[in-house]
Amino acid sequence: MKLRHDVFCVEQGVPEREELDGRDDEGIHLVAVENGHLLGTCRLLLVGKTAQFSRLAVRAPDRRRGIATALLEAAEAETRWAGGRRLVLHAQTYARALYEKAGYRPRGSVFREAGIEHIAMEKELH
Ligand SMILES: CC(C)(COP(=O)(O)OP(=O)(O)OC[C@H]1O[C@@H](n2cnc3c(N)ncnc32)[C@H](O)[C@@H]1OP(=O)(O)O)[C@@H](O)C(=O)NCCC(=O)NCCS
């Protein structure tokens, strides 16, 4: 929660009330840890066969080391294990390549969420 606060609220200016949407208790939280330090986090919410992926944040000094990519892979494995068939997410447009490289495809047009440009993306699991 501290990492999410630092990244989304402090760094990106997302209001706390939007970052904390009341759904954390229902979610599966995946974290990246190295030498006892938390480097990254994300959240999965399973709704039927669809997993909603969100709250992906990596500590600023540890970016571009493949940590988000590894969290996406872990989220996919977790979704399969839970019987999910599809992942959906709202990508910040600047980070779209991250998801494209992981096999996500855009759906629909660009919209604003929490004051930031996003695009919906999805990946079917076969
Ligand atoms: C977006 C974020 C999660 C990426 O984490 P990361 O661990 O650095 O990502 P990876 O190292 O796995 O990056 C994989 C690929 O994604 C793309 N990518 C990652 N960060 C990017 C950036 N800032 N700008 C453009 N492309 C980016 C690149 O193609 C990258 O491959 P490369 O490093 O070989 O060029 C991280 O920058 C972050 O926490 N940002 C602030 C919060 C945020 O925006 N969350 C995502 C909401 S959709």
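Residue 105 in numbering that gives the first Met the number 0 sits at position 106 of the sequence shown; the count goes up by one each step and never skips.
Ideal Cβ positions, reconstructed from N, Cα and C, are used throughout, including at glycine.
For the 8 Å CB-CB criterion, Leu124 and Thr78 form a contact. Taking 3 residues as the minimum length, the beta strand (DSSP E) runs contained wholly in the region 3-74 are 27-33, 36-46 and 49-57, in order along the chain. With contact defined as three or more Cβ pairs closer than 8 Å, the region 34-45 and the region 10-19 are not in contact.
Around the beta-carbon of Ala76, fewer than 16 other beta-carbon atoms lie within 10 Å, marking it exposed.
Counting C-beta pairs closer than 8 Å gives fewer than three between the region 105-114 and the region 49-57, which falls short of the contact rule. In the structure shown, Leu88 falls within a strand segment according to DSSP collapsed to helix, strand and coil. Nearest to Arg85 by C-alpha distance, out of Ala113, Leu71 and Val9, is Leu71. Between the alpha carbons of Ala74 and Lys100 lies a gap of roughly 15 Å. When secondary structure is reduced to three states using DSSP, Ala101 falls in the coil class, being assigned neither helix nor strand.
Counting other Cβ atoms within 10 Å of its Cβ, Thr92 stays below 16 and is therefore classed as exposed.
Those residues that bring their Cβ nearer than 6 Å to a heavy atom of ligand 1 are Val6, Leu55, Ala56, Val57, Arg62, Arg63, Arg64, Gly65, Ile66, Ala67, Thr68, Ala90, Gln91, Tyr93, Ala94, Ala96, Leu97 and Lys100.
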